[in-house]
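Trainee: If you scroll down you'll find the structure; I have some questions about it.
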Amino acid sequence: MVEKTEDLKNSLTNLVHDLGYILSDRLRQVDGDFDFELSLTAPSDLDTRLMLMLDRSMMPESNTDDSTRVKNAWVTFAAMASAYIFKNVGESVSKPLRKWLANAASAAILAGLLAEVPESSDTDEQTTSDGDAPVEIVSTPDRVVENRQDGAWYYGRWTVDNVANSREMMDVIDVGMTDACIRVMIAAVVNYFQENRFAPCGLLRDSYASEILRSDLMDKHGLTDKRDKIEAMRITGYWVSRLYVFHMATKHRDLEHPIRPINNVGLVRPLKLDICQYFEDLTARFIRTRIAHQIASRMVRSVCIVFFEDLNELIELRRLYRQISSDPFHYHSDCEYLTNSSRSSVTDKISSIFGRLVTYLSVF
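In terms of our numbering, the sequence shown is residues 254 to 617.
Shown next as structure tokens:
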């Protein structure tokens, strides 16, 4: 009964958020009193049953050594995390989703997708997250006095009571799901950049996360229910380090405000997915500017451009777009956390040209 009540509460919260966004967006187009910056941030709390718990006492002593011994140690550690999730989630979710979450837990660790933000101000410590150079070893507690988890996971103690046994896990562990789980988790973090939420809300139908959900990637591994797919993306997206994924996607760019350093937790390996293109656009905070730019890009290539009266506004729109896309995390709603720098005062206010561009789109 308690579980059903919690599910209904979460469903209602999500519904309130989505409906509020739709109405607010419509009002901004017709009523100046509602022309304020819209927050796209989804509810941030994740049910503790769905959070990852790691046992620091069992964590391997290295995450960069490529030796067989170290790899085996992390494989064992990942298997324990998988068994914990499987046992802790229990029957609160469907069997296919439960299996997916268990395999995603081990995949996140073996791909190095978890991380911590060092609280220490010691600048002599070498921290990186590109997987190619030495990183701080978070497995030894005395190395870093205080850390903050960049994701929905925490340290605890694994016991025989909160971890599934080997007999239960025999039919659960499926290494064939690893790549699929990683792709879904990465898509969730990309979606956080685009929409400030780990699962698509439906507004950006061409988003990377939407493409993943529409594909048969998850169906191949028994996850066929649409709601389960969305939950799998949302839950596992919460686990992953946004800082790590954002850094890996933009490390080749010379950003004025780069992602702050982190300490990887797990077996550090290079990210094989090419997601760079998704970070060359605007963040969720500037969704109106993004839409206006898309329409304008289409309009300037058509014969109808001669009917648009103020070309200077189009030039200014293009300038603003380039300014934001060239330093995306500085203009993200979580700028202070992501870059450890002050947030930009630039806002998503392009009301006059936005309305005319939408009119153009509807007419032509």
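For each residue, glycine too, the CB sits at the ideal point set by N, CA and C.
Would you list, in sequence order, the uninterrupted alpha helix (DSSP H) runs of no fewer than 4 residues that lie entirely inside the stretch 466-507?
Mentor: 479-492, 495-503
Trainee: Within 10 angstroms of the Cβ of Asp580, are there 16 or more other Cβ atoms? Answer buried if so, exposed if not.
Mentor: Walking along the sequence shown from the start, residue 580 turns up at place 327. It is buried - the Cβ of Asp580 has at least 16 other Cβ atoms within 10 Å.
Trainee: If you check the beta carbons only, do Asp403 and Val425 fall under 8 Å apart?
Mentor: Here residue 403 refers to the residue found at position 150 of the sequence shown. Here residue 425 refers to the residue found at position 172 of the sequence shown. No, the Cβ-Cβ distance between Asp403 and Val425 is not below 8 Å.
Trainee: Tell me, please, which residues DSSP counts as bridged to Glu662.
Mentor: Residue 662 cannot be examined here, being either before or after the span of the chain that is shown, 254 to 617.
Trainee: Classify Met423 as buried or exposed, calling it buried when 16 or more other Cβ atoms lie within 10 Å of its own Cβ.
Mentor: As a working note, residue 423 is residue 170 in the sequence shown. Per the 10 Å Cβ criterion, exposed.
Trainee: Do the stretch 507-523 and the stretch 579-595 make contact, defined as three or more Cβ pairs closer than 8 Å?
Mentor: Contact annotation: the stretch 507-523 touches the stretch 579-595, with at least three C-beta pairs closer than 8 Å.
Trainee: Count the other C-beta atoms from every protein chain shown that fall within 10 angstroms of the C-beta of Ile528, then say buried if there are 16 or more, exposed otherwise.
Mentor: As a working note, residue 528 is residue 275 in the sequence shown. Buried, by the Cβ-count rule.
Trainee: Would you grab the beta carbon distance between Met486 and Trp406 for me? Rounded to a whole angstrom, and I think it's under 8 Å.
Mentor: One-based indexing of the sequence shown puts residue 486 at position 233. One-based indexing of the sequence shown puts residue 406 at position 153. Actually they are not in contact, since the Cβ atoms of Met486 and Trp406 sit about 17 Å apart, beyond 8 Å.
Trainee: Using C-beta distances below 6 Å, list every residue in its chain close to Ile488, excluding the 5 sequence neighbours before and after it, in chain order.
Mentor: Here residue 488 corresponds to residue number 235 of the sequence shown, with the count starting at 1. Result list for Ile488: Leu303, in chain order.
Trainee: Using the Cα positions of Val416 and Arg309, report the straight-line distance between them to the nearest angstrom.
Mentor: Position 163 of the sequence shown, counting from 1, holds the residue named residue 416. Position 56 of the sequence shown, counting from 1, holds the residue named residue 309. Answer to the nearest angstrom: the Cα atoms are 15 Å apart.
Trainee: Alpha carbon to alpha carbon, what distance is there between Tyr337 and Leu299?
Mentor: Translated into positions along the sequence shown, residue 299 becomes position 46. Translated into positions along the sequence shown, residue 337 becomes position 84. C-alpha separation (whole angstroms): 17 Å.
Trainee: Under the rule that 16 or more other beta-carbon atoms within 10 Å means buried, what is Lys473, buried or exposed?
Mentor: One-based indexing of the sequence shown puts residue 473 at position 220. Classification for Lys473: exposed.
Trainee: Threshold first: 3 residues or longer. Then list the beta strand (DSSP E) segments lying entirely within the stretch 337-370, N to C.
Mentor: none
Trainee: Taking DSSP's pairing of strands, which residues face Gly608 in a bridge?
Mentor: If you number the sequence shown from 1, residue 608 lands on position 355. Its beta-bridge partners do not exist; DSSP assigns none.
Trainee: Taking just the CA atoms, how far does Val553 sit from Phe607?
Mentor: On the sequence shown, position 354 is the one that residue 607 refers to. On the sequence shown, position 300 is the one that residue 553 refers to. Answer to the nearest angstrom: the Cα atoms are 15 Å apart.
Trainee: Does the distance from the C-beta atom of Ile515 to that of Ser494 stay below 8 Å?
Mentor: Position 262 of the sequence shown, counted from the start, is the residue given in the question as residue 515. Position 241 of the sequence shown, counted from the start, is the residue given in the question as residue 494. Result yes, Cβ atoms of Ile515 and Ser494 sit closer than 8 Å.
Trainee: Can you tell me which of the three DSSP states Asp308 falls into?
Mentor: Looking up residue 308 in the sequence shown gives position 55. DSSP places Asp308 in strand when its eight states are reduced to three.
Trainee: Would you kindly work out how many angstroms separate the C-alpha atoms of Asp318 and Arg450, rounded to a whole number?
Mentor: In the sequence shown, residue 318 corresponds to position 65, counting from 1. In the sequence shown, residue 450 corresponds to position 197, counting from 1. Cα to Cα, the separation comes out at about 34 Å.
Trainee: Whose C-alpha, out of Glu372, Glu344, Lys324, is nearest the C-alpha of Asn593?
Mentor: Taking the sequence shown and counting its residues from 1, the one referred to as residue 593 is at position 340. Considering only Glu372, Glu344, Lys324, the residue with the shortest C-alpha distance to Asn593 is Glu372.
Trainee: Determine, using beta carbons only, whether Arg551 and Asp601 come nearer to each other than 8 Å.
Mentor: The residue given as residue 551 occupies position 298 in the sequence shown. The residue given as residue 601 occupies position 348 in the sequence shown. Against a cut-off of 8 Å, the Cβ pair of Asp601 and Arg551 comes out as no contact.
Trainee: Could you check whether Asn356 and Asp427 sit closer than 8 Å to each other, using their CB atoms as the reference points?
Mentor: By 1-based counting over the sequence shown, the position of residue 427 is 174. By 1-based counting over the sequence shown, the position of residue 356 is 103. It is a contact, given that the beta carbons lie within the stated cut-off.
Trainee: When we look at the beta-carbon of Val437 and count the other beta-carbons within 10 Å, is it buried (16 or more) or exposed?
Mentor: If you number the sequence shown from 1, residue 437 lands on position 184. Result: buried.
Trainee: Using alpha carbons as the reference points, say which of Lys340, Ser595, Ser320, Ala545 lies closest to Glu421.
Mentor: Here residue 421 refers to the residue found at position 168 when the sequence shown is read from its first residue. Nearest C-alpha to Glu421: Lys340.
Trainee: Determine the direct distance from the alpha carbon of Pro523 to that of Ala358, and round the result to whole angstroms.
Mentor: The residue given as residue 358 occupies position 105 in the sequence shown. The residue given as residue 523 occupies position 270 in the sequence shown. Cα to Cα, Ala358 sits roughly 18 Å from Pro523.
Trainee: Measure how close the beta-carbons of Ala441 and Ala433 come, nearest whole angstrom, since I'm counting them as under 8 Å.
Mentor: Stepping through the sequence shown from its first residue, residue 441 is reached at position 188. Stepping through the sequence shown from its first residue, residue 433 is reached at position 180. That pair is no contact at about 13 Å.
Trainee: Cα separation between Val342 and Thr301?
Mentor: The count along the sequence shown starts at 1 and reaches residue 342 at position 89. The count along the sequence shown starts at 1 and reaches residue 301 at position 48. Val342 and Thr301: Cα-Cα distance of roughly 9 Å.
Trainee: The alpha helix (DSSP H) spanning His583 covers which residue range?
Mentor: The residue labelled residue 583 in the question sits at position 330 within the sequence shown. Looking at the DSSP string, His583 is not in any alpha helix (DSSP H), and its letter there is neither H nor E.
Trainee: Can you tell me which of Lys482, Lys504, Leu520, Ala361 puts its alpha carbon nearest to the alpha carbon of Glu533?
Mentor: Reading the sequence shown from its first residue, position 280 is the one you call residue 533. Taking only the C-alpha atoms, the option nearest Glu533 is Lys504.
Trainee: Can you tell me whether Ser555 is buried or exposed? The criterion is at least 16 other CB atoms within 10 Å of its CB, across all chains shown.
Mentor: For the purposes of this step, residue 555 is identified with residue 302 of the sequence shown, where counting begins at 1. Exposed.
Trainee: Residues bridged to Gly429 by DSSP?
Mentor: As a working note, residue 429 is residue 176 in the sequence shown. Note: Gly429 sits in no beta bridge, so no partner.
Trainee: Does the separation of the CB atoms of Val518 and Ala331 fall below 8 Å?
Mentor: Here the question's residue 518 lines up with position 265 in the sequence shown. Here the question's residue 331 lines up with position 78 in the sequence shown. Contact: no.
Trainee: For the alpha helix (DSSP H) that Met423 lies in, which residues bound it at each end?
Mentor: In the sequence shown, the residue the question calls residue 423 occupies position 170. Element bounds for Met423: n/a, residue is neither H nor E.
Trainee: If you compare alpha carbons, which of Val559, Phe561, Leu570, Arg480 is closest to Ile544?
Mentor: Looking up residue 544 in the sequence shown gives position 291. That would be Leu570, whose Cα lies nearest to the Cα of Ile544.
Trainee: Provide the residue(s) that pair with Tyr407 in DSSP beta bridges, ordered along the chain.
Mentor: Taking the sequence shown and counting its residues from 1, one reaches residue 407 at position 154. Note: Tyr407 sits in a beta bridge opposite Met306.
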